[in-house]
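*Asks:* One structure coming up, written as structure tokens, with questions to follow.
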Amino acid sequence: MSLLSVDTAPPTADLTTTRAPFLEQAQGRGELFIEQPFHLYSEDNHESWRRLYERMLPRWKQYANDKFLEGIDCLALDPERVPRLEDVNRFLEPLSAFKAKAVTGYVPAYLFFDCLRQREFPTTITIRDKSSLDYLPEPDIFHDIAGHVPMHTHRRFSDVLVRFGEVAKAAARRATTIEDQELRVKIVESNIKAMARFFWFTVEFGLMKGGEHGVCVYGSGLLSSFGEIQHSVESPLVQRYPFQLEWVINQYFEIDQYQPLLFVVDSFAHLFEQVDRLEDWLHDGKLDQVSPGEPLINESDLQSFLDARL
Ligand SMILES: [Fe+2]
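In our numbering, the protein residues as written are -7 to 302.
In structure tokens:
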């Protein structure tokens, strides 16, 4: 899941994050899923990819979990050029039936989770400017393809994403049984908050037991951040606790700083069990009033659940 911010930088003709007119025009036409216009990537865009990939590779070898490293090998990504999604999918689909699907930008929460349920990964196609490789509040193709997709080559992890999509569907379906309109909105908002927090502390910023440092990284926000991948594993400032569902769903987070608190799962099987528990807790009403605070649920996320086609 991703949060977009507004940038006032002037537009360019290529596919640089926050200033790609091709995407603005497509968004203006109401398009969400598109073909990747590969010819629009400039040499500067490819240079961003090359620099990002080159400096992350040694850090992945040092801090990433084994399945991610196997995934990187399986995908045969070109270190020099922004990847074509159809090339990525040629390697990805036979392994887990997942495929990357190009989007114009922000995907409302229910649609995003429902894509996962159908083994599709909404994928950002822009890339950050080569002069600001470190900090980016928005997702880009490096985060989505180099950070997320290698994990999707692992069948068990891909099943976690599908299971997550099923929980979202269960939440939307359960909402239709609540007659009081005001109560329905309140509950759905809380359910989305719980799911967004779970997703954040696992798929985006998860740690796992193992590796030479005692923990290794499987969360994509960490896997696509040169500074934070090391910080998350080595810094004494980071609090690392065993994954606890009751804590995770009630824990707020902020997106614009290194995470001070991370949760450690035992294995991908353990993670899968936790998504199962999340659904049990949904049905038991334990996600109906989680603690307030970040992330704030915007109108389109809320509406996407209320309007879900079931
Ligand atoms: Fe992400």
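Positions of the beta carbon are idealized from the N, C-alpha and C atoms, including for glycine.
Fair warning: this is a prediction, and the values are worked out from it, not measured in the lab.
Let me know the alpha helix (DSSP H) ranges lying completely inside the segment 86 to 144, each 4 residues or longer, listed in chain order.
*Replies:* The segment 86 to 144 contains these whole alpha helix (DSSP H) runs: 101 to 109 and 141 to 144.
*Asks:* Under 8 Å by Cβ, that's how I've got LEU263 and VAL257 pegged, so tell me the actual separation to the nearest angstrom.
*Replies:* So it is a contact: roughly 5 Å between Cβ atoms.
*Asks:* Tell me the residue span of the beta strand (DSSP E) that contains LYS201.
*Replies:* Here the beta strand (DSSP E) through LYS201 covers 199 to 201.
*Asks:* Which partner residues of ARG232 appear in the DSSP bridge assignment?
*Replies:* Answer by DSSP bridge pairing, in chain order: LEU254.
*Asks:* Does the beta-carbon of PRO220, which I'm using as the reference point, lie nearer than 8 Å to any heavy atom of ligand 1?
*Replies:* Checking the sequence shown, residue 220 turns out to be Glu, not Pro. No, since every heavy atom of ligand 1 falls outside the 8 Å radius drawn around the Cβ of GLU220.
*Asks:* Would you mind sorting SER(-3) into buried or exposed? The rule is 16 or more other CB atoms within 10 Å of its CB.
*Replies:* Annotation note: pLDDT 41 at SER(-3) (below 50); position unreliable, no value reported.
*Asks:* What residue does the beta strand (DSSP E) around VAL282 start on, and which one ends it?
*Replies:* It is not in any beta strand (DSSP E) - VAL282 carries neither H nor E in the DSSP assignment.
*Asks:* What residues match up with CYS208 in a beta bridge as DSSP calls it?
*Replies:* In the DSSP output, where bridge partners are listed per residue, CYS208 has MET200.
*Asks:* Could you tell me if MET(-7) is buried or exposed, where buried requires 16 or more neighbouring beta carbons within 10 angstroms of its beta carbon?
*Replies:* A caution first: MET(-7) carries a pLDDT of 44, below 50, which makes its placement in the model too unreliable to give a value.
*Asks:* Closer than 8 Å to a non-hydrogen atom of ligand 1 - does that hold for the CB of PRO100?
*Replies:* Flag unset: Cβ of PRO100 not near ligand 1.
*Asks:* Which residues in the same chain have their Cβ closer than 7 Å to the Cβ of GLU181, if we skip the five residues on either side of it in sequence?
*Replies:* Hits under 7 Å: ILE289 and LEU294.
*Asks:* For a test of your reading of the model: does the CB of ASP136 fall under 8 Å from any non-hydrogen atom of ligand 1? Yes or no.
*Replies:* Because some heavy atom of ligand 1 lies under 8 Å away, the Cβ of ASP136 counts as near it: yes.
*Asks:* Would you say the beta carbon of GLU112 is closer than 8 Å to some non-hydrogen atom of ligand 1?
*Replies:* No, Cβ of GLU112 sits at least 8 Å from all heavy atoms of ligand 1.
*Asks:* One question on the structure: do THR4 and ARG120 come within less than 9 Å of each other, judged by their Cβ atoms?
*Replies:* For THR4 and ARG120, no; Cβs fall outside 9 Å.
*Asks:* Rounded to whole angstroms, what's the CA-CA distance from LEU32 to TRP41? Just pull it up for me.
*Replies:* Using only the alpha carbons, I get a separation of about 14 Å.
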